[in-house]
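Student:
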Amino acid sequence: MTKIKSIVLGALLLFITPITVFSGDFDGSKPLLCASIKVFECTAGGGCVEVMPGDVNVPQFFRIDFRANTISVTRPDGSSRSTNIERTEHVDGKLILQGAEEAIEGVRDGLGWTLAIREDNGRTVLTASGDDVAFIIFGACTRP
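Using our numbering, you'd call the opening residue of the sequence shown number 829 and step up by one each time.
#1: Helix or strand or just coil, what does DSSP make of G882?
#2: Could you please give the first and the last residue of the uninterrupted beta strand (DSSP E) stretch that includes V919?
#3: By Cβ distance below 6 Å, which residues in the same chain neighbour F894 in space, the five residues on each side in sequence not counted?
#4: Can you name the residues that DSSP bridges to F854?
#5: Pop quiz: L943 and T952 are said to be a contact at Cβ under 8 Å. What is the actual Cβ separation, rounded to whole angstroms?
#6: Where are the beta strand (DSSP E) runs, 3 residues long or more, that stay fully inside the segment 895 to 964, in chain order?
#7: Determine the direct distance from the alpha carbon of I892 to that of K858, and round the result to whole angstroms.
#8: Identify the residues that DSSP records as bridge partners of G873: which are they?
#9: I think D959 touches R936, with their Cβ atoms under 8 Å apart; what is that distance to the nearest whole Å?
#10: Given this structure, state the Cα-to-Cα distance separating E869 from S957, to the nearest angstrom.
#11: If you drop the 5 nearest sequence neighbours on each side, which residues of the same chain put their C-beta closer than 6 Å to that of T955?
#12: Mapping DSSP to helix, strand and coil, what is R891?
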């Protein structure tokens, strides 16, 4: 009987350990590299349409630095840009990041955003909204 208990305990540890190891990668303790996979642009009068990331100035890839509390991108022309993460919460197995951004000074194009990262697999949903426009971006993150 003791031998059976040892085998069952060993099997449980074998299955539990990988979950513990991988779940830490998406909990805000390590930097992440994320990719935009599907992008939807929604307007008040026109509904939502799928667009290419570059068509609406959404970066294909972005980095999250939890120590610096920033999200940064390097554009194809070599220029870089970053935004501050203003709020971080853990909710129901998701890491929720939030912030607001004024893109071009003097232009009414500022928006608020929320990024939800599943802590078990790194899949993401980013929503951003401004004046009569919203974006929904589905993606995924990995360790760089």
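Every residue gets a Cβ at the ideal spot worked out from N, C-alpha and C, and that includes glycine.
Tutor: Here's the rundown:
#1: The sequence position of residue 882 within the sequence shown is 54, counting from 1. In the displayed model, G882 falls within a helix according to three-state DSSP.
#2: Here the question's residue 919 lines up with position 91 in the sequence shown. For V919, the uninterrupted beta strand (DSSP E) run begins and ends at 915 to 919, by DSSP.
#3: Numbered from its first residue, the sequence shown carries residue 894 at position 66. Cβ neighbours of F894 beyond the five flanking positions: G856.
#4: Position 26 of the sequence shown holds residue 854. None; F854 has no bridge partner.
#5: Here residue 943 refers to the residue found at position 115 of the sequence shown. Here residue 952 refers to the residue found at position 124 of the sequence shown. 6 Å between Cβ atoms; contact.
#6: 898 to 902, 908 to 912, 915 to 919, 922 to 929, 939 to 946, 951 to 957
#7: Locating residue 858 in the sequence shown gives position 30, counting from the first residue. Locating residue 892 in the sequence shown gives position 64, counting from the first residue. It is roughly 9 Å from the alpha-carbon of K858 to the alpha-carbon of I892.
#8: Counting from one through the sequence shown, the residue named residue 873 turns up at place 45. Per DSSP, none; premise fails for G873.
#9: For the purposes of this step, residue 959 is taken as the residue at position 131 of the sequence shown. For the purposes of this step, residue 936 is taken as the residue at position 108 of the sequence shown. Confirmed, Cβ separation roughly 6 Å.
#10: In the sequence shown, the residue the question calls residue 869 occupies position 41. In the sequence shown, the residue the question calls residue 957 occupies position 129. Straight across, the Cα-Cα distance linking E869 with S957 is about 10 Å.
#11: As a position in the sequence shown, residue 955 is number 127, starting the count at 1. Here the set comprises T942, I964.
#12: For the purposes of this step, residue 891 is identified with residue 63 of the sequence shown, where counting begins at 1. Reduced to three states, the DSSP call for R891 is strand.
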